[in-house]
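Input: a single structure, listed below in C-alpha cells.
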Amino acid sequence: MRDDDVYLQRAVQLAAHNVAAGGRPFGAVLVKDGHVIAEAANAIHLSQDPTAHAELLAIRAASQQLGPHLAGCVVYASGQPCPMCLSAMHLCGVSRVVYAASNEQAQPFGLSTAGVYAQMALPLSAQALPVEHLEQPAMIGLYRDWQARHAAG
C-alpha cells in the first residue's frame, strides 16, 4: 500500500531525528482513517522513563483524543514493537501494526527485544523474573464491585 510507505517513512524520519537529538532510533505514527492522530519518538533519554517508547507515547496521545479504545487505528513503527508495546496495542484494540526493521535486523546493534519475547513465551514459573501469586480474597469482591458498576453504567 502506498499509504503504508508514507506513514512508515514518517516513523523512520522521527527515529532519525531522535538519534540526532541523542535518543534511540525509534519513532511511531498512529493513523486512523487516513489521518495522523499522533506521532512520537522514543523519549527514554529525556524522561529516564523506561516505558517512554515511541509506540506507547503515540498510543497515550491518541487516547487523549479518541479514548482508550483505538479500533480502526494503525501503528507505524520504525522498529519491531517490543512485547510491552505490542501488549498495549492488543489491550487498546489497535487494528494493525506495520514496522520497518525486525528484531533480527536490530540484534547486531543491541536493539532487539527478541530475548524479552522469548521470556514472555515461557510459563510464568519458567521465566527469569520471579512472578509470584499470593491470593488475596478481597480481590474477588473488588472484581464483582467493578463488574456491577460497569454493567450499570
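Numbering-wise (our numbering), the sequence shown opens with residue 131 and increments by one.
The C-beta atom is built at its ideal place from N, Cα and C for all residues, glycine as well.
Alpha carbon to alpha carbon, what distance is there between residue j and residue i?
| i | j | result |
| --- | --- | --- |
| D133 | G164 | 8 Å |
| P260 | V136 | 42 Å |
| S208 | A171 | 10 Å |
| H147 | A281 | 46 Å |
| P198 | R190 | 8 Å |
| E262 | A256 | 12 Å |
| V149 | R274 | 47 Å |
Is it the case that the Cβ atoms of residue i and residue j are separated by a distance below 8 Å?
| i | j | result |
| --- | --- | --- |
| A230 | L144 | no |
| V204 | V228 | yes |
| L232 | Q249 | One detail in the question is off: residue 232 reads as Ser in this sequence, not Leu. Not in contact: S232 and Q249 (Cβ atoms no closer than 8 Å). |
| A188 | A218 | no |
| A244 | Q235 | no |
Could you give the DSSP three-state label for residue i: helix, strand or coil?
| i | result |
| --- | --- |
| A184 | helix |
| V246 | helix |
| S208 | strand |
| V261 | coil |
| H165 | strand |
| G271 | helix |
| L160 | strand |
| R226 | strand |
| A231 | strand |
Can you tell me which of the options puts its alpha carbon nearest to the alpha carbon of residue i?
| i | options | result |
| --- | --- | --- |
| P213 | V149, A191, H183 | H183 |
Per the contact definition of three or more C-beta pairs closer than 8 Å, is the segment 153 to 163 in contact with the segment 175 to 184?
Yes, since at least three Cβ pairs between the segment 175 to 184 and the segment 153 to 163 fall closer than 8 Å, the two stretches touch.
Three or more C-beta pairs closer than 8 Å, one from the segment 195 to 203 and one from the segment 218 to 226: is that the case here?
yes
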